[in-house]
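Participant: My questions all concern the structure below.
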Amino acid sequence: MSSFFSGLFLADPILRRWTLERLRKRWPADEGFVAGRPPYLPDLPGTESATVPDRWRDLPGGAPVQGLVSLSLPGQKLEVEASDTRSLFVARGLDQDAVGRGLQAFTWLALDPGLDPDWVTALWQGWAAHHGLPDAGSPAWTAAVAARRALNMLDYAERVGVPLPKAENLARLAAHAAIIVNGLDWREDGSHDTRLIVEGAALARLGMVFDLPQHAEAGFTLLAEEARRQFGSSGIISQGATHHHLLAVQDYLGVWLEARRLGHAAAAGLESLVRRLLAPVSALCINGQLPWVGDLAADFPPAFSLGLLPDAPAALGWLGQLPEADRAAVLALRGQCRQNDLEALRADGWLRQTVGPWSGLWHAFPSGWSPVKGYGHADLGSCTLHYESVPVFIDPGNGAEGAEGRAYRSAAAHGGLTLNDIDPYPRNRAVYSEAFRRDAGGKPPLLQAEYDGVSCVFEGYSHCLGHNEVQRRWRVEGSVLRIHDVVNGTGRVRVARRLITELHVTVEDGAAILTAPTFRLKVSAEVPAVLQPGKVWTAWGECSAANAITFAARRNLPWQGGIVVEPLPL
């Protein structure tokens, strides 16, 4: 046994239990797995000759550039000198972080729509000088990076044009299809997530544009199968990440618009898919705002996709960059897609409730377990709450990698209840079977609306603290919010309850005092409040200050306690 696996084995009691019980043959072995080959794509496309379209304009300009240009990338603006347009894609573009991937994926092409065409040509040529030939072993040509770059190039070509030499650059663009289809992100570690949607969208659009019917069909199949696999019956993404849902809808819309422009037979089926996935967006919004639950996508900041929200201005982000006819088609579709089946949404783990002046969004993975290496967080038992249409308690999201990213995915970063600072459910692993997850995690969480609020009951802590049940109930009485908690079981544990806020907050006589322009709120419990500084993520690599209002103490079980949030005079 390697030292790495030995460390995992000793540190993770759930993995240890799984391993020992597998040796006793209690749990069945997984089915065979072929990396990079989804089972619904048994035969990958063969070699196809691209037909170069003549529908796009030549990009104006092409004169030598001078001075500096600022490129928008995940979490930062990158200043580029005219002499660095070639070295840039080697010096910074090979870094395996969000900025390096964004540079190679031409994210800046979408985020800087007013970029001077001379600079676009210079940067395109600089990229081609080092990475113009497909190379499956290069960070510039992973399937996910190549797919996002292809989509950004296609959108730019439709909106503005193609840099010269046009035929050569279009041939490079068409070559993306083969590298994508042979490197699909279907992985045994369970991280085959929305990257497959990006790759399917790129294959479908490249296939339609360059007359590559086998690649187009592979893309359509990917999009249809991943819509079934990654989205629940309500149409919401199963990863538990609202920004990733919105971005996936945007990619599906891009394929539908391409099929619609070309009069492709797939347009009708794609429209049905888009309608299904767009519908839950309206139900998740609180007072016109979509809470950013789960990880934020590094591809684009949330603001880039806000035009997909109900009643949002048409000029926002991606929607605002579309040609007029395409934008009108999306707006018409947006106005027709509303999720009215809130029970289907609750069954998929999302609950919207409004009582009096309080409105909120709650999330609980249907099984309790977060997806393997997905974008979801250990946010069970937490929620986003607005008072008089103002966000008061929020989800911090996550826009970081590494240790900081892991910290903001944990329960301790969210406005929930933890025991001994442990996540409610253990870390998920791809090797675990569904039967084992049910056995180790107890009954699925029960999240439901009530006449005066919301309740959430779960047994996830039974994996580490013996038989254990947590009950949380949010009740509204007039303008007062009461959060009543019960923890059943035995033993002595540290019970910590947190509420995350961006509002100005102070502690007075053991209570937290929140101040907004139009109201003040007092937050109190049976133990004193403690403020812990933190962050709320607004985009990948970008954040603003927040505070966690924490009520924590060691308690014997069974235990019950309560938090009261009540308005104060201004």
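Just remember that the numbering used here sits 2 ahead of the position in the sequence shown, which is counted from 1.
Virtual Cβ for every residue (Gly too), placed ideally from N, Cα, C.
Since the model is a prediction, treat every value here as computed from it, not as a measurement.
How long is the line joining the alpha carbons of Gly362 and Val478, rounded to whole angstroms?
Facilitator: So the two alpha carbons sit approximately 12 angstroms from each other.
Participant: Could you have a look at Ile238 and say whether DSSP puts it in helix, strand or coil?
Facilitator: Ile238: coil per DSSP, three-state reduction.
Participant: Kindly list the residues whose CB is nearer than 7 angstroms to the CB of Leu573, restricted to its own chain and excluding five residues on each side of it in sequence; keep chain order.
Facilitator: Absent from the structure is residue 573, since the part of the chain shown begins at 3 and ends at 572.
Participant: Using DSSP bridges, identify the partner residues of His388.
Facilitator: DSSP output for His388 lists Ser361 and Pro393 as bridge partner(s).
Participant: Do Leu275 and Val283 come within 8 angstroms of each other at the CB atom, strictly closer than that value?
Facilitator: No, the Cβ-Cβ distance between Val283 and Leu275 is not below 8 angstroms.
Participant: Please state whether DSSP places Gln562 in a helix, a strand or coil.
Facilitator: Correct three-state label for Gln562: strand.
Participant: Thinking C-alpha only, which one of Ala250, Gln216, Gly221 and Ala149 is nearest Gln232?
Facilitator: For the residues Ala250, Gln216, Gly221 and Ala149, the minimum Cα distance to Gln232 belongs to Ala250.
Participant: Take the Cβ of Ser391 as the centre, count every other Cβ of all protein chains shown within 10 Å, and call the residue buried at 16 or more, exposed below.
Facilitator: When all chains shown are included, Ser391 counts as exposed.
Participant: Could you check what DSSP says for Ala154 in three-state terms: helix, strand or coil?
Facilitator: Per the sequence presented here, residue 154 reads as Asn, with Ala not at that position. Residue state, collapsed to three classes: helix.
Participant: Thinking C-alpha only, which one of Ala204, His217, Arg336 and Val211 is nearest Asp253?
Facilitator: The candidate whose alpha carbon is nearest that of Asp253 is Ala204.
Participant: Report buried or exposed for Tyr377, applying the criterion of at least 16 other Cβ atoms within 10 angstroms of its Cβ.
Facilitator: When all chains shown are included, Tyr377 counts as buried.
Participant: Hey, is Arg431 close to the ligand GTP, as in C-beta under 7 angstroms from one of its heavy atoms?
Facilitator: Looking at this structure, you won't find the ligand GTP or any other ligand, since it has none at all.
Participant: Quick one: give me the first and last residue of the alpha helix (DSSP H) that Phe91 is part of.
Facilitator: From DSSP, the alpha helix (DSSP H) with Phe91 extends over Leu90 to Ala93.
Participant: Alpha carbons only, please: which of Val394, Trp476 and His217 is nearest the one belonging to Val488?
Facilitator: With distances taken between Cα atoms, Val488 lies closest to Trp476.
Participant: Roughly how many whole angstroms lie between the Cα atoms of Ala380 and Ser372?
Facilitator: Going by the C-alpha atoms only, they are around 7 angstroms apart.
Participant: Compare the C-alpha of Gly128 against each of Pro119, Pro141 and Asp86 and name the closest.
Facilitator: Closest option to Gly128, Cα to Cα, is Asp86.
Participant: If the criterion is Cβ atoms closer than 8 angstroms, does the pair Ala366 and Pro315 meet it?
Facilitator: Taking 8 angstroms as the Cβ cut-off, Ala366 and Pro315 do not qualify as a contacting pair.
Participant: Which residue comes first and which comes last in the alpha helix (DSSP H) that contains Val183?
Facilitator: Its alpha helix (DSSP H) spans residues His178 to Val183.
Participant: Comparing C-alpha positions only, which one of Leu467, Ala541 and Glu568 sits nearest to Asn558?
Facilitator: If we check each option's Cα against that of Asn558, Leu467 comes out closest.
Participant: Take the Cβ of Arg26 as the centre, count every other Cβ of all protein chains shown within 10 Å, and call the residue buried at 16 or more, exposed below.
Facilitator: Exposed.
Participant: Give me the Cα-Cα distance between Thr223 and Asp423, rounded to the nearest whole angstrom.
Facilitator: For Thr223 and Asp423, the distance between alpha carbons rounds to 43 angstroms.
Participant: Could you tell me if Lys537 is buried or exposed, where buried requires 16 or more neighbouring beta carbons within 10 angstroms of its beta carbon?
Facilitator: Lys537 is buried by the Cβ-count criterion.
Participant: Per DSSP, which one or two residues make a beta bridge with Cys545?
Facilitator: The partner list for Cys545 (beta bridge, DSSP) reads Trp539.
Participant: Quick check: what's the CA-CA separation for Arg24 versus Arg440?
Facilitator: Their backbone Cα atoms lie some 15 angstroms apart in a straight line.
Participant: Considering Cα atoms alone, identify which of Gly399, Val374 and Pro47 is closest to Cys385.
Facilitator: Nearest of Gly399, Val374 and Pro47 to Cys385, Cα basis: Gly399.
Participant: Give every residue of the same chain whose Cβ lies closer than 6 angstroms to the Cβ of Ala159, excluding the five residues on either side of it in the sequence, and list them in chain order.
Facilitator: The residues are Trp58.
Participant: Taking DSSP as the reference, what is the three-state secondary structure of Val489?
Facilitator: The answer is strand: DSSP assigns Val489 an E or B state.
Participant: How many angstroms separate the CA atom of Val162 from the CA atom of Leu156?
Facilitator: Using only the alpha carbons, I get a separation of about 10 angstroms.
Participant: Around the Cβ of Phe6, are there at least 16 other Cβ atoms within 10 angstroms (buried) or fewer (exposed)?
Facilitator: In this prediction, Phe6 has a pLDDT of 46, which is less than 50 and means its spatial position is unreliable; nothing more can be read from the coordinates.
Participant: Any idea what DSSP makes of His217, helix, strand or coil?
Facilitator: Looking at His217 - three-state DSSP - the assignment turns out to be helix.
Participant: May I ask you to verify whether the stretch 544-555 touches the stretch 495-502, counting CB pairs closer than 8 angstroms and requiring at least 3?
Facilitator: As far as the Cβ criterion goes, the stretch 544-555 touches the stretch 495-502, which means the pair count is three or higher.
Participant: In three-state DSSP terms, what is Met3?
Facilitator: With a pLDDT of 45 at Met3, under the threshold of 50, the predicted position of this residue should be treated as unreliable, though the coordinate-derived value follows. Three-state DSSP puts Met3 in coil, outside helix and strand.
Participant: Mark Pro426 as exposed unless 16 or more other C-beta atoms lie within 10 angstroms of its C-beta, in which case mark it buried.
Facilitator: Looking at its Cβ environment, which holds 16 or more other Cβ atoms inside 10 Å, Pro426 is buried.
Participant: Arg26 lies in the alpha helix (DSSP H); which residues open and close that run?
Facilitator: Run containing Arg26: none; DSSP gives neither H nor E here.
Participant: How would you label Thr49, buried or exposed, when you count the other beta carbons within 10 angstroms and need 16 or more for buried?
Facilitator: That one is exposed.
Participant: Taking Ala514 as the reference, which of Ser72, Ala550 and Glu544 has the closest Cα?
Facilitator: The candidate whose alpha carbon is nearest that of Ala514 is Ala550.
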